[in-house]
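Novice:
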Amino acid sequence: MDPLIKSAQTMQRYILNHTFWLIPLALWTTVVGISFAWNWNELDRHSREIAANRAEFVFKMVESVRLWNARHGGVYVLVEGETKPNPYLEIEERDISTPSGKPLTLLNPAYMTRQLTYVVEELSDIRVHLTSLKPINPDNVADPWETRALQAFEAGSERVQGLVGQGQDAVYRFMAPLITKKSCLKCHEKQGYEVGDIRGGASVTFKAASLLTPQYEQKWNMAGIHFAVWLLLSGLTLFALSRFRTQMLLLKAAKEQQDRVVEQRTAELSQQVQDREQAEEELRLLIDSSGEGIYGIDKEGRFTFINPMALHLLGYSDADSMIGQNVCDMVCHTQTDDKASGVEVCGLRSALEEGRVAHSEEEYFRRADGQLFRVEFRSHPLMREGELLGAVVTFADITERKTLEEKIWRQAHYDALTKLPNRSLFHDRLNQTLLKAQRQDESFALLFVDLDRFKHINDSLGHEAGDQLLKEVARRLTACVRDSDSVARMGGDEFNIILTGIANREGVERVAGEVLAQMCRPFDLAGTQQCISASVGIACYPDDGDSAAELLRNADLAMYRAKQGGRDRFSFYQPSPVESSPTGK
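Okay, so the sequence shown: first residue is 224 according to this note's numbering, each after it adds one.
1. CB-CB under 7 Å to leucine 353, same chain, minus the five flanking residues each way: which ones, in chain order?
2. Excluding the 5 residues preceding and the 5 following leucine 464 in the sequence, name in chain order all residues of the same chain whose CB lies nearer than 8 Å to its CB.
3. Smallest Cα separation from alanine 635: which of Glu279, Arg744, Lys430, Ile680?
4. My output table needs one value for valine 568: the three-state DSSP class, helix, strand or coil.
5. Could you check which residue in Arg488, Arg466, Glu515 has the C-alpha nearest to that of arginine 499?
6. Would you report the Cα separation of valine 254 and arginine 396, rounded to the nearest angstrom?
7. Going by DSSP in three states, glycine 689 sits in which element: helix, strand or coil?
8. To the nearest angstrom, how far is it from the Cα of serine 794 to the Cα of leucine 290?
9. Hey, how far is the Cα of phenylalanine 718 from the Cα of aspartate 682?
10. Please check the pair leucine 643 and alanine 711, which I expect to be a contact at CB under 8 Å, by giving their CB distance rounded to whole angstroms.
11. Within the continuous beta strand (DSSP E) that includes threonine 428, where are the two ends?
12. Can you tell me whether DSSP reads asparagine 645 as helix, strand or coil?
13. Sorry if obvious, but does the Cβ on histidine 679 come closer than 7 Å to a heavy atom of the ligand NAP?
14. Within this structure, are the beta carbons of aspartate 779 and phenylalanine 671 separated by less than 8 Å?
15. Hey, histidine 686 and alanine 771: beta-carbon distance below 8 Å or not?
16. Can at least three beta-carbon pairs, one atom from the region 783 to 793 and one from the region 739 to 757, be found at a separation below 8 Å?
17. Can you give the Cα-Cα distance for arginine 607 and alanine 574, rounded to whole angstroms?
18. Taking 6 Å as the limit between beta carbons, can you name the residues of its chain near threonine 806, skipping five residues before and five after?
19. Taking alanine 260 as the reference, give the member of Trp443, Pro604, Pro308 with the closest Cα.
20. Mapping the DSSP letters down to three states, classify glutamate 802 as helix, strand or coil.
21. Considering only C-alpha positions, which residue in the set Leu669, Leu692, Ser258 is nearest to isoleucine 680?
22. Please report how far the alpha carbon of alanine 249 lies from the alpha carbon of asparagine 240, in whole angstroms.
23. Let me make sure I understand the geometry here. Which of Gly768, Thr428, Ala591, Gly524 has the alpha-carbon closest to that of glutamine 661?
24. Compute the Euclidean distance between the alpha carbons of isoleucine 720 and arginine 776, then round it to the nearest angstrom.
25. If you draw a straight line from the C-alpha of aspartate 366 to the C-alpha of leucine 373, how long is it?
26. Answer yes or no: do leucine 327 and leucine 301 have a C-beta to C-beta separation smaller than 8 Å?
27. CA-CA distance, phenylalanine 528 and asparagine 549?
28. What are the complete alpha helix (DSSP H) segments, minimum 4 residues, inside the region 732 to 805?
29. Report the three-state DSSP secondary structure of leucine 330 (helix, strand or coil).
30. Just the Cα atoms here: how many angstroms apart are serine 544 and valine 554?
31. Along the alpha helix (DSSP H) that carries proline 367, what are the first and last residues, could you check?
32. Could you work out which residue in Met284, Gly715, Ser540 is closest to valine 351 when comparing CA atoms only?
33. Quick check: what's the CA-CA separation for leucine 658 versus glutamate 773?
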């Protein structure tokens, strides 16, 4: 028997037997189930990623404060109120007095960081805890979860994080190790630590409800969508199998009733026409009810059909007015200006001419009113016996998604108060400037600006006045430089400036002098005029360093030299204390 005939008979037997209909249903169930499981895991992964990024950001901020304190050998503060000498800090000159007799006590990194964590916990739901397996302070004793994390660090782990608890009591916990540095030995050398040892960790804890509640809603929505898709696919499959079975039974009956063959054949043709019309109607309904924009074009790029969603997204109301119009003239756009793109740069048109599938994750389409909007589109060519007939294009409006992604990126790279680039974006710009200067043999300058008397204003007038001062400082600093330069807030009252393309030191001195002049102008704060000044340290590439870290360090040293010289001045970095002398106002 011919294999094709045998295969057809086998297929007929499967379709006629309802039991075998379970096979395609099981296939759809498997496909939808895999998609459901993958999307479920993606939601969990996304939530964990958001929580991890938030916790790691808090950890890095706390670690930065701790490291800053350690590098400066501690900070002396006035003994008053809740600020008492640290009973667990046993070093010389822990407690001193000013010439006027005011008592001062030294805050080591751990003591200062712990007080900072109290403020963080008071202002938010975030709890930060410094701990160790060998704590000096009993308050730093690790809880069971932290103990396991510290043991994991000793075994080689770099991070420990996860969801703890269930329901409304669930919290997200994150912990990273604190590595012993040379500046840490001042307090911890007697415990036997050496440079590079893991001497403890910092844990970050916050409630997970704000992350879990949206996730639950998304999971329910996702489950509903997958169930609807499964019902649609299963229904269409059963409908098709049912139609095939009906046709097969009709053919079988026609063979058994030869005397009615003509009548039966006529009935079959009539039924086929109805089936085709019904299939076309169902396809039209499917396209018209799609949540994506769909339109067809011929090989000349002219519209052949367009569904209601595409009309809505493109701002048109009449499909007939678009049929026969060229897609590149009405819709396609690859530029963000208000000028129409030429056919030669239209990715959709080039894909059509080459007869290939096209997919763009971000393209610009033009609405009827001329407004551009972002879309993701796919184009599939229509071929008949090797001849290109046209293409079917599907697209979706991704404007909201892209806007949200850009907002998240800006929040991660810009200071919320001053709207200046933050530490992360500044380091990226500094590295890019350094690479460009190395390639093109150029020079640039790094200015480290530290405000004088900021703490006095912040303490006397309040944090709101301090924030107002920082915003005005940011505005004045930005006005002092060119668009090609960069101004960033590094934290607290510290700002950095990158001056690119400098020809000589005179240009740097002119900008530094303008910065000092702007800082000396009175500030209107809380209904009063307040005066501050600034100390500016300057490091130039390549004279003062050939790496970002070295330039930052040398600019910092130059800034402290300016402070030691009386403040309200700038100072270029000098490689030797003997050779150095503050330069500037």
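Cβ coordinates follow ideal geometry from the N, Cα and C atoms, glycine included.
Specialist: According to the data block:
1. Ala333, Thr336, Arg337, Asn363, Gly423, Ala425
2. Ile238, Trp244, Pro247
3. Glu279
4. Residue placement at valine 568 cannot be trusted, given a pLDDT of 47 that sits under 50; the coordinates are not used to answer.
5. Arg466
6. 35 Å
7. helix
8. 25 Å
9. 20 Å
10. 5 Å
11. 421 to 430
12. coil
13. No copy of the ligand NAP appears in this structure; indeed no ligand is present at all.
14. yes
15. no
16. yes
17. 17 Å
18. A caution first: threonine 806 carries a pLDDT of 42, below 50, which makes its placement in the model unreliable, though a value can still be read off. For threonine 806, where only same-chain residues beyond five positions count, the Cβ hits under 6 Å are Ser794, Phe795.
19. Trp443
20. A caution first: glutamate 802 carries a pLDDT of 43, below 50, which makes its placement in the model unreliable, though a value can still be read off. Here glutamate 802 sits in coil by DSSP.
21. Leu692
22. 16 Å
23. Gly768
24. 14 Å
25. 10 Å
26. yes
27. 12 Å
28. 771 to 787
29. strand
30. 14 Å
31. 367 to 377
32. Met284
33. 14 Å
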